[in-house]
Amino acid sequence: MKKVITYGTFDLLHWGHINILKRAKELGDHLTVALSSDEFNAIKDKKAYHSYENRKMILEAIRYVDEVIPENHWDQKVTDVIDHNIDVFVMGDDWEGKFDFLKDHCEVVYLPRTVGISTSKIKKDLFKVK
67 MKKVITYGTF DLLHWGHINI LKRAKELGDH LTVALSSDEF NAIKDKKAYH
117 SYENRKMILE AIRYVDEVIP ENHWDQKVTD VIDHNIDVFV MGDDWEGKFD
167 FLKDHCEVVY LPRTVGISTS KIKKDLFKVK
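In structure tokens form, the structure reads like this:
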């Protein structure tokens with residue numbers, strides 16, 4: 067079984083999220099999503115609209131996702147890859163090169179982002195609505 071992992075906050079779920087999850091799943095048989103915890107988001111100076119528990123529930127309902135684990139700190143990626151027997155690590159191409167250190171442990175793939183949508187764009191657009 068070929069196992070794939072990706073990381074993210076996955077707040078305000080949109081078609082860009084679904085695209086990356088679908089494409090990540092196509093690279094293997096089992097997709098694990100490491101979901102940023104609320105505490106980790108605070109460290110990154112991010113605030114999700116939905117709680118970790120609700121974001122986890124939403125991700126678990128998506129057919130491409132086989133398992134959701136918490137992402138609690140920046141340095142857990144090597145441990146996750148080893149502990150979960152990961153074959154392929156996937157991130158959006160805006161992170162290109164940042165996770166190449168994982169190539170000693172698995173294949174690293176950077177997928178193109180979906181053009182025209184992002185959680186940041188949704189939040190910005192919502193602030194414009196009167």
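Using the numbering used here, the letters of the sequence shown correspond one by one to residues 67 to 196. For each residue, glycine too, the CB sits at the ideal point set by N, CA and C.
- Task: Mind listing, in chain order, the continuous alpha helix (DSSP H) runs of no fewer than 4 residues lying wholly within the segment 110 to 163?
- Result: 118 to 126 and 143 to 149
- Query: Do you know offhand how far Asp77's Cα is from Lys88's?
  - Reply: 17 Å
- Query: Anyone know if the C-beta pair for Ile71 and Val147 falls short of 8 Å?
  - Reply: yes
- Item | contact_flag[the segment 170 to 182, the segment 110 to 126] where n(CB pairs < 8 Å) is 3 or more | no
- Quick one: what does DSSP say Gly65 is sitting in, helix, strand or coil? Nothing can be reported for residue 65: it is not among the residues displayed for the chain, which extend from 67 to 196.
- Item | For Ala90 and Gln142, the rounded distance between their alpha carbons | 20 Å
- Taking DSSP as the reference, what is the three-state secondary structure of Glu173? strand
- Of the residues Thr75, Ala127, Val131 and Lys164, the one placed nearest Tyr118, counting alpha carbons only: Thr75
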